[in-house]
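With this note's numbering as the guide, the letters of the sequence shown map in order to residues 470 to 1314.
Even for Gly, the Cβ is constructed at its ideal location relative to N, Cα and C.
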Amino acid sequence: MKKIFKWIGIVILVPILLFVALAILIYIPPVQNWIVKQVTSYASEKTGMEISVEHVSLAFPLDLSIEGFKVIKQNDSIPQVKDTVANVKRLIADVKMLPLFRQQVEIDAIELNDMQLNTTDFIHEARIKGNIGLLSMQSHGIDIGKEKLRIDDARLKDANVTVELSDTVPPDTTKSENFWKINVDKLSVENTGVTVHMPGDTLQIWAYMGKTYASDGFFDLYKGLYRINRFDWKDGALKYDNKFETRTKGLDYNHLSLTDINIGIDTLFYQDPKLTMALQSCSFKEKSGITVEDLNGFIALDSSKINIPAVHLRTSESSLSANIAMDLNTFDDKNPGKIKVSADGSFGKQDIMLFMGGMPTNFIRQWPNYPLTVKTAIKGNLKHLDIAGLNVNLPTAFKLTAEGFADNITDTDKLNADINIEANTYNINFLTALVADAMGDMRIPSGIGIKGNIKANGNKGYSANLTAREGTGVLKAKGNFNAEAMQYEADMEASNLQIQHFLPKSGMRDFTGNIYIKGKGTDFTSTSTRLDADAEIIKFHFGQYNLDNIKANARIDRGVAHANIDSNNRLIRGLISFDALINPKKLQATVFADLHHADLKGLDIVKRPISVALCGHVDLLSDMKKLYSIQGNIGDLTVKDSLKVFRPDEITMNVFTDRDTTHAYVNCGDFHLKMNAEGGYEALINKSSKFANELITQLKNKHLEHKMLRSMLPQAKINLTTGKENPFSRMLAYFGYAFKDAVIDMTACPYSGLNGKMQLTELRVDSMLLDTIRFTVESDSAKCNYKGQIRNGKNNPQYVFNALFDGYIHEKDAGVNVKYYDAENRLGVKLGAKATLETDGIRLH
């Protein structure tokens, strides 16, 4: 029996002794290294990766230390390249043994030192790679059976991690079976940077945590509940880059860079869809120069609304306090919620200019060095928004208040608004600097006050009723505009409006008058356009011109236009009427003028006192492109000066030009003009200008190119005979050029040159009198001969002489002869000159 018990004892004891022996063996370093070698070899074979460990140390009971742990994987895309999946310099784990038998884990320490990480393609959603200096954790409360985890202390230090997200992975719709509940007593992250690359690398976000602490955290992974009692982020940085957007000056929303971030949060709670937190403090600097010294407030968010009952923002220059309550469906098209905002802000010049990056230097310099204050209270949504009050004030510059409502803000067809505004301006030269090029000499004076109402009524358009005051001037304006139908109506009344304050260099002065306009369409060549306008100038000075008492009206209906101007002032008394048939291809019009008095000296046309009265009728025809025709007459013409009254004959005219031809016929008493030319008026003017400019240039250079000058001549013929009893000659006389009669009969041709004659008798220029001036020219394709005479007869009161000249310009030479005879007809001077042909023209000597 004793032997039986002995063998039974041996049988029971042997396994125990073997287990104890094996347990003792695994604590022997050579055995440990042999086991690790076998395990890593097996793991390498099964995973297809190179797995190695330099050294392993296991102390009783479960105090494990692994050094030189390395995992290397072949790169699937580039076979000759190997990726290091993991490289850990040292891994330490200190786990208590006895709690393991109760399915509890007590970790005195888990620590990873100097780890390199690269997930390669193990995780389809993202690739994570980088370096971790230290990752450690202490946990005394892991209950595997109840799926509970308590982390006493967790630390991440000296890490630099990059996360590259993929856009090719479908969302995971598998229902979570994770019931773990995690308590974190203390978490710290130091000197750690994380870079996130969005799919396609369109966006890049980088965050740096200098010193980040969290305490008293609880995470229920099954319920998706997350709670942190305290969170502090100090010495942080954050960058946001949209790589497809160009960089701009000032605050660039697509390229943000925050430094010196310090954030403190109390009682952060999140369980979808609810989020609450108390932001105790927040400060940072942005690369644009904006410095947020403090941002605090309570934030509550759920599936239906966001509530920020009191948020306060302070920068080095500005401050803002606001209350915000907003339903998350506020901006929905159907059944939107509401938003309610009240705000009181003061914004300094430096901050405003940073938000207005790239403004002109003069605009920035002239912006006042005072804070811009804004107070507002609004509530509603895009369907109906009430503006209880808006007050904007920039000391020394402007002040604006507004209140009203707006319906259907995003739908212009249904927009309905009624807003009362009041504004006062002081010195707003910074706006002038902003649009200096467009405004030219225009100025915006100080002391403008505007008060009124603006309405919008959907398809019926917009309306306004405003009163503006500046100095002693008042402008009242009422109007409406329907953009869909292009209908408009405006009624404006000005009293003592001081235009010189707005246009100081224009010469315009105080204006009193009114205008009413009503119409449809702006294309006045269309038969569907309608216009009805009335205007009256009661008082107005433009420079030296007194333009008081002028009335005007205009009507356009179905392509028929009629307009009247009735003036009754010292400069002009009379009526001018305009009638026209208008269509896109043709204009037919008649202008009628019945002027009782026109003061030409007052109009600054002549220097001496002279007035004109007339009755005229002119017909106009044009295709609005190349065809223009003017036919008519001016009769009952009376010209008065300080000495006498002149009543010339009727003026008749017929002027026509199109693409190929230009002709003009003008007759009045002893004035007769007839002109015909090849080509339209534009081509005729261009050719004449080029010829004159080229001739002047060649004469200055004393170098004539005969063929070139001839080729530049227009094809034209002009015939003029005139005496002195006509308005044109008398007008020239008033300008200091008087003559008895004149004859011009000239033909110009680019092939045969100039041919014709000119004669002028009794020409008086200021105090000089010339009895006779004659000039004749004959040309063909090879030569040009000319001759002339300037003569004063024996009855000339100044001096008597006779000067004759003649000359020629041929292909190879040119010459001129001059003879001068005195009062006794004796030859006093005889001159001659010649020029010879050079390679590029005739050189004058």
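Burial check for S635: the Cβ neighbour count within 10 Å stays below 16, so the residue is exposed. In the DSSP annotation of this structure, the continuous segment of the alpha helix (DSSP H) that includes M1177 starts and ends at H1175 to S1180. Taking a C-beta distance under 8 Å as the contact criterion, N983 and N1015 do not qualify as a contact pair.
F980 has its alpha-carbon roughly 16 Å from the corresponding atom of K974.
Contact between L944 and A937 holds: their C-beta atoms lie close to 5 Å from each other, under 8 Å. Rounded to the nearest angstrom, the gap between the Cα atoms of N1022 and L1090 is 22 Å.
Secondary structure note for N1254: it is in no alpha helix (DSSP H), and the uninterrupted beta strand (DSSP E) holding it is C1253 to N1261. By the 16-neighbour rule on beta-carbons within 10 angstroms, F713 is exposed. Our two residues, D1063 and H1086, have alpha carbons roughly 9 Å apart in a direct line. Shown here for M825: same chain residues with a beta carbon closer than 7 Å to its own, the five before and five after excluded, namely G719 in chain order. Within the stretch 1104 to 1165, the beta strand (DSSP E) runs of at least 3 residues that lie entirely inside it are, in chain order, 1120 to 1126, 1130 to 1137 and 1140 to 1147. Annotation: S1198 is outside any beta strand (DSSP E); the continuous alpha helix (DSSP H) that includes it extends over P1196 to Y1203. Here the stretch 1138 to 1154 makes no contact with the stretch 1167 to 1181; the two share fewer than three CB pairs at distances below 8 Å. In the DSSP annotation of this structure, N723 is not part of any beta strand (DSSP E), being labelled neither H nor E. Judged by beta-carbon spacing, L744 lies beyond the 8 Å limit of L764, meaning their Cβ atoms are not closer than that value.
Its chain contains A1032 and V1060 as the residues whose beta carbon lies nearer than 6 Å to that of F1047, once the 5 sequence neighbours on both sides are disregarded; these appear in chain order. Take V658, set aside five residues on each side of it, and the residues of its chain with a beta-carbon closer than 7 Å to its own are L625, M678 and T681, in chain order. The Cβ-Cβ distance between S1198 and G1222 does not fall below 8 Å. One alpha carbon belongs to G1071, the other to A892, and they sit about 41 Å apart. Partner residues in the beta bridge of D1210, as assigned by DSSP, are T1230.
Within the same chain, and ignoring the five residues on either side of G1104 in sequence, the residues whose Cβ sits closer than 6 Å to its Cβ are C1084 and E1119. A buried status is given to Q607, since no fewer than 16 other beta-carbon atoms sit within 10 Å of its beta-carbon. Contact holds between the stretch 721 to 736 and the stretch 753 to 764, because three or more Cβ pairs, one in each stretch, are under 8 Å apart. If you draw a straight line from the Cα of K844 to the Cα of K868, it is about 12 Å long. Of the other Cβ atoms in all chains shown, fewer than 16 fall within 10 Å of the Cβ of R834; this residue is therefore exposed. Rounded to the nearest whole angstrom, the CA to CA distance from A1030 to Q1100 is 19 Å. The residue among A1067, D1017, N1052 and I1034 with its C-alpha nearest the C-alpha of I1041 is A1067. In this structure, DSSP gives F832 a helical state, which the three-state scheme calls helix.
Under the three-state reduction of DSSP output, M822 falls in the helix class. In this structure, the beta-carbon distance from I697 to D689 does not fall below 8 Å. Taking a contact as a CB-CB distance under 8 Å, the pair D1275 and N1261 does not count as one, their CB atoms being some 19 Å apart. In this structure, DSSP gives G817 a state outside helix and strand, which the three-state scheme calls coil. Per DSSP, A946 is one residue of the beta strand (DSSP E) stretching across G942 to N951. S787 places its beta carbon less than 8 Å from that of D820. Exposed is the label assigned to M1093, since fewer than 16 other Cβ atoms lie within 10 Å of its Cβ.
If you keep only unbroken alpha helix (DSSP H) runs of at least 4 residues inside the stretch 1260 to 1290, you get nothing at all.
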